[in-house]
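Some notes on the structure that comes next.
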Amino acid sequence: MLSIIGLIGSLALLIYFTMRGINIIISAVFCSLILALTGGLNIIEALTEYYMEGFTNFFKSWFLIFLAGAIFGKVMEDTRAAQSIAFWFQEKVGSKGAVLAVVGASAIMTYGGVSVYIVAFCVYPIAVSLFRHANLPHRFIPAALVFGSISFTMTSPGSPEIQNIIPTQHFGTTPMAGGWIGFLGAFIIMIAGGFALQKMVGKAVKNGETFQLPYKDTTFKHSTNEKLPHILISLIPLIIVVSVVNILSKYIVTEEAVLVALVIGALMAWILMFPYTKTHMTILTKGTENALVAIANTCGVVGFGAVASQVPAFSTIVDKLTNMPGLEYVGLAIAVTLIAGITGSAAGRLGIALPILAPIYLAQGLDPGAMHRISAFASGGLDSLPHNGYIVTTVQGVCRETHQKAYKPIFMISVVIPTIVLFFVVLLYTFF
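Okay, so the sequence shown: first residue is 0 according to numbering that gives the first Met the number 0, each after it adds one.
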């Protein structure tokens with residue numbers, strides 16, 4: 000009982016610390032300490048072995064992909080290809096479609112392999128310009144960025160995002176695993192989430208809310224669309240990344256395919272848009288820094304999840320879920336979803352859950368493609384709780400909003416809707 004209380008309490012405390020703006024890594028270490036105390040673990044062993052093993056193992060496995068993705072994203076940012084894509088959306092939808100433009104630009108870049116962290120930094124200045132012109136509340140910009148980056152795009156078949164790549168390692172599948180049901184689920188999330196976000200923004204406007212920058216952003220400068228690369232040139236590197244990933248993954252390990260694709264995409268972007276930037280060496284430096292920040296935030300919560308996986312309560316929960324009678328896919332979906340709430344990271348939850356769960360469910364003879372896609376969808380629900388590293392970075396670091404103002408719409412479009420769609424997808428895989 001104490002172990003269960005400690006597991007729930009430490010998670011609640013981690014969320015509270017995040018809402019208060021406390022560093023996610025410090026918070027994760029402190030909450031891991033509480034987990035160890037309440038779970039009967041040796042404190043020193045819990046931190047130096049379990050926490051650090053979780054932290055370093057994830058870093059070792061995925062840093063090169065994070066690095067390649069961050070450099071690719073930085074090339075897209077500094078050459079202003081990202082701005083070109085965003086302004087193209089602006090021209091097509093006008094000021095009334097400001098929300099759609101932000102979501103669309105974020106989605107294209109994310110599905111094209113750009114790190115979600117880079118997408119946030121790239122699209123935010125354009126989002127401010129669009130929302131200011133349309134006089135929409137600034138507090139909805141984080142939700143638009145999050146929805147376009149980590150909902151339907153990272154879980155769709157073919158996506159080169161890490162949440163769609165990790166399952167290939169454990170189920171022996173390709174990024175296209177899951178077939179038409181995967182595309183249908185992503186489409187439903189896109190439509191339902193877009194409708195919900197538009198309704199929330201519309202309601203806020205009717206209640207008298209207008210555009211107003213947070214205090215710390217009062218000196219924010221507009222982005223302009225002068226001297227931008229053509230939209231077709233801007234899209235070529237993204238198309239190359241997606242194509243190379245899905246072609247090479249048939250012949251080599253998927254992680255290697257993603258790494259090769261991102262490197263080729265970055266080189267192609269640099270060659271095609273060479274005249275649009277003079278900061279060539281800075282791209283490598285800043286890209287490396289961005290990669291370290293992104294993976295450190297993820298590793299921090301993976302470490303917390305690694306400690307959580309050692310307490311008795313965790314084993315009890317996993318055992319009950321994997322032995323659920325009837326619908327086996329339901330157990331997998333619930334298990335990955337719950338672990339997401341513990342780790343606060345889509346990549347983190349998959350990194351912890353699948354090494355444990357994949358052998359169990361593969362032994363039951365379930366379809367690897369279905370399990371891949373269910374795992375990917377399940378990684379897009381409770382991962383977006385307040386302590387998620389990307390949520391913290393986007394809300395507080397990029398947009399300089401507060402969780403109190405900005406998190407509610409994020410919760411609806413990135414937690415509630417994807418979770419509902421997840422179980423719809425589970426039913427389809429079960430009966431079709």
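A virtual CB, placed ideally from N, CA and C, is assigned to each residue, including glycine.
Note that the coordinates shown come from a computational prediction; the quantities given were computed from them, not determined experimentally.
Integer Cβ distance of glycine 112 from valine 317, believed to fall under 8 Å: Along the sequence shown, read from residue 1 onward, the residue named residue 112 stands at position 113. Along the sequence shown, read from residue 1 onward, the residue named residue 317 stands at position 318. Rounded, the Cβ-Cβ distance is 32 Å, inconsistent with contact.
Pair within 7 Å by beta-carbon distance, asparagine 245 and glycine 380: As a first step, residue 245 is located in the sequence shown; it is residue number 246 there, counting from the start. As a first step, residue 380 is located in the sequence shown; it is residue number 381 there, counting from the start. Cβ distance not < 7 Å, so asparagine 245 and glycine 380 don't count as in contact.
Straight-line Cα distance separating phenylalanine 423 from proline 311: Reading the sequence shown from its first residue, position 312 is the one you call residue 311. Reading the sequence shown from its first residue, position 424 is the one you call residue 423. Those two C-alpha atoms are separated by around 31 Å.
Where methionine 272 falls, given that 16 or more other Cβ within 10 Å makes a residue buried: As a working mapping, residue 272 is identified with position 273 in the sequence shown. That one is buried.
CA-to-CA distance, isoleucine 338 to alanine 352, given in whole angstroms: Numbered from its first residue, the sequence shown carries residue 352 at position 353. Numbered from its first residue, the sequence shown carries residue 338 at position 339. Going from the Cα of alanine 352 to the Cα of isoleucine 338 covers about 7 Å.
Residue nearest to asparagine 387 in terms of C-alpha spacing, selected from Ile7, Gly96 and Phe16: For the purposes of this step, residue 387 is identified with residue 388 of the sequence shown, where counting begins at 1. Nearest C-alpha to asparagine 387: Phe16.
Where cysteine 398 falls: helix, strand or coil (DSSP): Translated into the one-based positions of the sequence shown, residue 398 becomes position 399. Cysteine 398: coil per DSSP, three-state reduction.
Within 7 Å, strictly: CB atoms of alanine 176 and glycine 350: Start at 1 with the first residue of the sequence shown, and residue 176 comes out as number 177. Start at 1 with the first residue of the sequence shown, and residue 350 comes out as number 351. Going by C-beta atoms, alanine 176 is not nearer than 7 Å to glycine 350.
Cα-Cα separation, threonine 361 to methionine 280: As a position in the sequence shown, residue 361 is number 362, starting the count at 1. As a position in the sequence shown, residue 280 is number 281, starting the count at 1. First, the amino acid is wrong: residue 361 is leucine here, not threonine. Approximately 46 Å between the Cα atoms of the pair.
Cα-Cα separation, alanine 100 to alanine 307: Here residue 100 refers to the residue found at position 101 when the sequence shown is read from its first residue. Here residue 307 refers to the residue found at position 308 when the sequence shown is read from its first residue. Spanning the two alpha carbons is a distance of roughly 40 Å.
Element boundaries [alpha helix (DSSP H), containing arginine 131]: Position 132 of the sequence shown, counted from the start, is the residue given in the question as residue 131. 115 to 133 is the span of the alpha helix (DSSP H), which, as asked, contains arginine 131.
Cutoff 7 Å; reference leucine 258; Cβ partners in own chain excluding five residues on either side: As a first step, residue 258 is located in the sequence shown; it is residue number 259 there, counting from the start. Contacts found: Leu63, Ile64 and Ala67.
Helix, strand or coil at glutamine 197 [DSSP, three-state]: Here residue 197 is taken as the residue at index 198 of the sequence shown, counted from 1. In the structure shown, glutamine 197 sits in a helix (DSSP, three-state: H, G or I).
Length of the line joining the Cα atoms of histidine 402 and arginine 19: Start at 1 with the first residue of the sequence shown, and residue 402 comes out as number 403. Start at 1 with the first residue of the sequence shown, and residue 19 comes out as number 20. If you take the alpha carbons of histidine 402 and arginine 19, they lie about 8 Å apart.
N- and C-terminal bounds of the alpha helix (DSSP H) containing arginine 372: As a position in the sequence shown, residue 372 is number 373, starting the count at 1. It spans 367 to 377 - the alpha helix (DSSP H) in which arginine 372 sits, taken as one unbroken run.
CA-to-CA distance, valine 414 to isoleucine 107, given in whole angstroms: Along the sequence shown, one-based indexing puts residue 107 at 108. Along the sequence shown, one-based indexing puts residue 414 at 415. Distance between the alpha carbons of isoleucine 107 and valine 414 is about 21 Å.
Secondary structure of methionine 411, DSSP reduced to three states: For the purposes of this step, residue 411 is identified with residue 412 of the sequence shown, where counting begins at 1. Helix.
Sufficient close CB pairs (3 or more, under 8 Å) joining the stretch 276 to 292 to the stretch 68 to 85: yes
Top-ranked residue by Cα proximity to glutamate 48, from Phe303, Tyr250, Ile270 and Gly207: The residue labelled residue 48 in the question sits at position 49 within the sequence shown. When only C-alpha atoms are compared, the closest one is Phe303.
DSSP-derived helix/strand/coil call for isoleucine 333: Start at 1 with the first residue of the sequence shown, and residue 333 comes out as number 334. Reduced to three states, the DSSP call for isoleucine 333 is helix.
Which listed residue (Thr55, Ala265, Ile373 and Asn289) has its alpha carbon closest to that of valine 74: Reading the sequence shown from its first residue, position 75 is the one you call residue 74. The residue with the shortest Cα to Cα distance from valine 74 is Ala265.
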